Amino acid sequence: MTTMLLGDRAIDVDAEGFLQKPEQWDRSLGEAIAAAAGVVMTDRAWAVVTFMRDAYLNTGTAPTIRTLGKDSGVQIKELYQLFPKGPAKLAAKIGGIPKPRGCI
Amino acid sequence: MHKSTYTHMKSVVILGAGTAGTIMANRLFRLYRAEVAAGTMRITVVDLDDTHVYQPGLLFIPFGVYQPADVVRPRRRQLTKGVRYVQSAIRSLDADANTVRLANGERLPYDACIIATGTAIAPEETEGLLGAEWHKSIFDFYTVDGATALAKALESWPGGKLVINVVEMPIKCPVAPLEFAFLADAFFTKRGMRDKVEITYATPLDGAFTKPACTRRLTHLLKGKRINLVTEFNAGSVDNEGKRLLSWDDREVPFDLLVTIPSHKGAAFIADTPGLGNDMNFVLTDPHTLQAQLKPNLFAIGDATNVPQSKAGSVAHFEAEILTENVRRFLAGEPLDPGYDGHANCFIETGFDQALLIDFNYEVEPLPGKFPLPGIGPMTLLAESRLNHLGKMAFRWVYWNVLLPGRDIPGVGPQFSMRGKQQDTAAVSAACTEFA
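Chains as they are written, first to last, in the numbering used here: chain A, 50 to 153; chain B, 114 to 549.
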């Protein structure tokens with residue numbers, strides 16, 4: 050775990066920049082992470098990130114891309130348009146929750 | 114009032130008679146032989162049919178090395194006498210009533226139920242995969258039918274673009290698609306037509322495999338064999354007419370022959386029991402005790418679980434030792450042993466009678482070294498050798514005669530060991546990789 054400095058705030062992140070303490074997150078931090086990843090935060094994008102974050106805070110695990118496509122109100126195709134290459138991964142990073150784990 | 118002399122007949126129900134279910138039934142029978150004989154314990158196993166497939170053998174069918182008859186035996190005969198076998202589909206699991214209901218009408222009440230129903234491919238999850246080209250120019254090799262149809266197709270294939278695609282994780286035996294690519298390279302080379310074949314490996318992962326050291330080694334092998342690697346490719350649909358594989362983010366991979374590893378799902382009844390499984394019907398399972406999250410008298414093992422480890426026979430085998438003890442403890446009212454550490458090992462066929470061997474767990478990625486005896490081997494870890502290949506081919510005998518009967522393999526314990534492994538590269542890695 051390393052610490053990332055954002056303005057005067059110290060944020061705990063993993064090697065890939067995923068927050069380790071969701072409580073250190075706020076919307077402006079989400080905006081900053083999105084900008085760094087080249088993601089434009091439209092209302093639709095925020096809807097996905099909010100769904101992702103709430104699901105993690107409520108259940109302890111991040112939803113998969115399959116669940117996002119079914120339950121977030123945004124279809125899989127659009128998810129890939131909003132978050133190129135890795136929707137679940139990017140939405141988790143922007144939403145300030147640890148990296149979702151899919152297993153081999 | 115006198116004390117009741119009534120003794121409760123205990124019932125253990127095992128759902129599934131594949132690798133995990135069969136090992137569990139045979140191990141539990143050995144543990145409870147006396148109780149079964151005395152009529153105080155019953156062990157019942159349920160499965161849909163009487164065909165037990167030696168799944169590691171499926172990889173060799175497309176290349177004519179094995180015929181279907183080489184990999185199939187009756188399920189019933191792999192179970193020790195004294196274990197009751199019921200051939201029926203499972204209608205439902207009523208966790209509140211501690212009862213399994215079967216399609217044949219039978220009800221099986223249980224004191225402990227072990228879910229070992231594995232996983233199966235779900236090509237219907239991907240648009241167009243089951244279209245007009247299915248089993249014409251699109252094949253799977255994870256079923257006996259698919260592997261056999263692919264063997265026929267390869268026999269007379271004139272060459273062109275061969276694409277191997279993993280649709281999404283998790284899949285059974287995550288190295289099998291890579292092995293298929295390696296064996297295809299060898300197959301076409303031996304036929305003198307390698308120059309007529311372009312092999313592409315398209316994966317949703319960001320590398321050839323998920324563990325860093327292993328990925329470096331496998332990427333090197335792919336390059337050496339002139340196999341194209343396309344990463345972070347999340348297949349969304351198949352254009353049958355145009356013979357193109359399309360990703361969700363609008364990339365495309367054209368093919369003349371597509372070997373697909375479709376999405377994998379757990380058994381359907383798991384979806385119908387609220388709280389039992391995840392959105393792919395894998396049972397929510399404690400990764401160390403193998404107890405299901407839903408209820409203390411439910412357990413899961415092998416491919417049926419959601420534990421963060423490869424869906425592989427070796428995992429089922431190592432889990433079975435821990436789970437046998439935990440079922441015993443549960444029935445005796447003792448606390449469970451959180452003893453499963455994610456130990457897995459796999460041979461990786463690389464073609465031309467060579468193979469790699471990898472040994473890893475939840476925390477430690479595959480490392481170079483010797484196995485099972487430190488410094489001696491005879492197997493070499495994370496490097497190609499002919500002996501590893503011979504080990505893989507000999508494993509079929511071991512599977513039917515040692516593994517399924519639930520005997521221990523000498524020198525190979527259920528827990529992972531760092532002995533014999535070169536630790537200088539031992540970057541401890543999480544056993545998981547990210548979803549797309």
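Ideal Cβ positions, reconstructed from N, Cα and C, are used throughout, including at glycine. Model, not experiment: these values are computed from the prediction.
Proximity below 8 Å, CB of residue i to CB of residue j
i: Ile284 (chain B); j: His377 (chain B); result: yes
i: Arg155 (chain B); j: Arg197 (chain B); result: yes
i: Ser360 (chain B); j: Asn341 (chain B); result: no
i: Lys424 (chain B); j: Glu462 (chain B); result: no
i: Leu494 (chain B); j: Phe484 (chain B); result: yes
i: Asn410 (chain B); j: Phe431 (chain B); result: no
i: Lys534 (chain B); j: Gly490 (chain B); result: no
i: Cys327 (chain B); j: Pro479 (chain B); result: yes
i: Leu291 (chain B); j: Ala264 (chain B); result: no
i: Gly337 (chain B); j: Val310 (chain B); result: no
i: Val477 (chain B); j: Phe412 (chain B); result: no
i: Ile146 (chain A); j: Arg76 (chain A); result: no
i: Asp298 (chain B); j: Gly129 (chain B); result: no
i: Ala429 (chain B); j: Ala133 (chain B); result: yes
i: Met122 (chain B); j: Thr157 (chain B); result: no
i: Leu131 (chain A); j: Ala83 (chain A); result: no
i: Arg532 (chain B); j: Pro487 (chain B); result: yes
i: Ile191 (chain B); j: Leu407 (chain B); result: Here residue 191 (chain B) turns out to be Gln, not Ile, going by the sequence shown. For Gln191 (chain B) and Leu407 (chain B), no; Cβs fall outside 8 Å.
i: His248 (chain B); j: Ala262 (chain B); result: yes
i: Ile435 (chain B); j: Pro287 (chain B); result: no
i: Phe460 (chain B); j: Phe300 (chain B); result: no
Sequence-distant residues of the same chain with beta carbon closer than 6 Å to residue i, five excluded per side
i: Met137 (chain B); result: Ile127, Ile227 and Ala433
i: Ser350 (chain B); result: Glu240, Gly241 and Leu359
i: Thr193 (chain B); result: Asn139 and Phe142
i: Met550 (chain B); result: A query on residue 550 (chain B) cannot be resolved here, the shown segment of chain B reaching from 114 to 549 and no further.
i: Gly144 (chain A); result: Val98, Met101 and Arg102
i: Thr212 (chain B); result: Arg220 and Pro222
i: Asn474 (chain B); result: Asp454, Gly455, His456 and Phe529
i: Ile60 (chain A); result: Met53 and Gln73
i: Gly131 (chain B); result: Gly231
i: Pro149 (chain A); result: Ala111, Ala137 and Ala141
i: Pro187 (chain B); result: Asp163
According to DSSP, residues forming a beta bridge with residue i
i: Phe346 (chain B); result: Answer by DSSP bridge pairing: none, since Phe346 (chain B) is not bridged.
i: Val351 (chain B); result: B:Leu358
i: Ala225 (chain B); result: B:Val125
i: Phe484 (chain B); result: B:Met492
i: His377 (chain B); result: B:Ile234
i: Lys134 (chain A); result: Paired residue(s): none; Lys134 (chain A) is not in a bridge.
i: Gly390 (chain B); result: B:Val396
i: Thr418 (chain B); result: B:Val396
i: Tyr314 (chain B); result: B:Ile277 and B:Leu342
i: Gly464 (chain B); result: B:Gln467
i: Trp550 (chain B); result: The first residue shown for chain B is 114 and the last is 549, placing residue 550 (chain B) beyond what the model contains.
i: Ser205 (chain B); result: B:Arg214
i: Met53 (chain A); result: A:Ile60
i: Phe300 (chain B); result: In the DSSP output, where bridge partners are listed per residue, Phe300 (chain B) has none listed.
i: Ala138 (chain B); result: Per DSSP, none; premise fails for Ala138 (chain B).
i: Leu192 (chain B); result: Partner(s): none; Leu192 (chain B) has no beta bridge.
i: Thr164 (chain B); result: B:Pro187
i: Ile156 (chain B); result: B:Val125
i: Gln200 (chain B); result: B:Asp160
i: Pro367 (chain B); result: B:Arg357
i: Ile522 (chain B); result: B:Val525
Same chain, Cβ closer than 8 Å to residue i, neighbours up to 5 away in sequence not counted
i: Ala235 (chain B); result: Pro375, Ser376, His377 and Lys378
i: Gln467 (chain B); result: Glu497, Ser498, Arg499, Asn501 and His502
i: Met114 (chain B); result: Residue placement at Met114 (chain B) is flagged as unreliable, the pLDDT there being 45, under the threshold of 50; the coordinate-derived value follows with that caveat. Nothing listed; no residue qualifies.
i: Ala64 (chain A); result: Thr51
i: Val62 (chain A); result: Met50, Thr51, Thr52, Met53, Leu68 and Gln69
i: Leu318 (chain B); result: Val279, Met282, Thr344, Glu345 and Thr546
Supposed close pair residue i, residue j - CB separation, criterion 8 Å
i: Val199 (chain B); j: Val159 (chain B); result: 5 Å
i: Ala111 (chain A); j: Ala85 (chain A); result: Actually they are not in contact, since the Cβ atoms of Ala111 (chain A) and Ala85 (chain A) sit about 20 Å apart, beyond 8 Å.
i: Thr80 (chain B); j: Lys274 (chain B); result: No answer is possible for residue 80 (chain B): the residues shown for chain B start at 114 and end at 549.
i: Val372 (chain B); j: Ala315 (chain B); result: Not really, about 10 Å apart at Cβ, beyond 8 Å.
i: Ile414 (chain B); j: Ala225 (chain B); result: Not a contact, Cβ separation roughly 12 Å.
i: Asp362 (chain B); j: Tyr129 (chain A); result: 4 Å
Residues near residue i in its chain [Cβ-Cβ closer than 7 Å; skip 5 each side]
i: Asp385 (chain B); result: Ser205
i: Lys116 (chain B); result: Legend: pLDDT at Lys116 (chain B) = 47, less than 50; position of this residue unreliable, no value from coordinates given.
i: Leu449 (chain B); result: Thr402, Gln404, Asn439, Arg442 and Phe443
Report yes or no: do three or more beta-carbon pairs, one from the segment 453-471 of chain B and one from the segment 396-405 of chain B, lie closer than 8 Å? The answer is yes - the segment 396-405 of chain B touches the segment 453-471 of chain B, with three or more Cβ pairs under 8 Å.
Check whether the segment 110-130 of chain A touches the segment 383-392 of chain B, counting contact only when three or more Cβ pairs, one atom from each stretch, lie closer than 8 Å. yes
Contact between the segment 158-172 of chain B and the segment 242-258 of chain B (3+ Cβ pairs under 8 Å): yes
Spell out a yes or no on whether the segment 300-309 of chain B and the segment 213-221 of chain B are touching, meaning 3 or more CB-CB pairs, one atom from each, closer than 8 Å. no
Could you tell me whether the segment 133-140 of chain A touches the segment 94-109 of chain A, where touching means 3 or more Cβ pairs closer than 8 Å? yes
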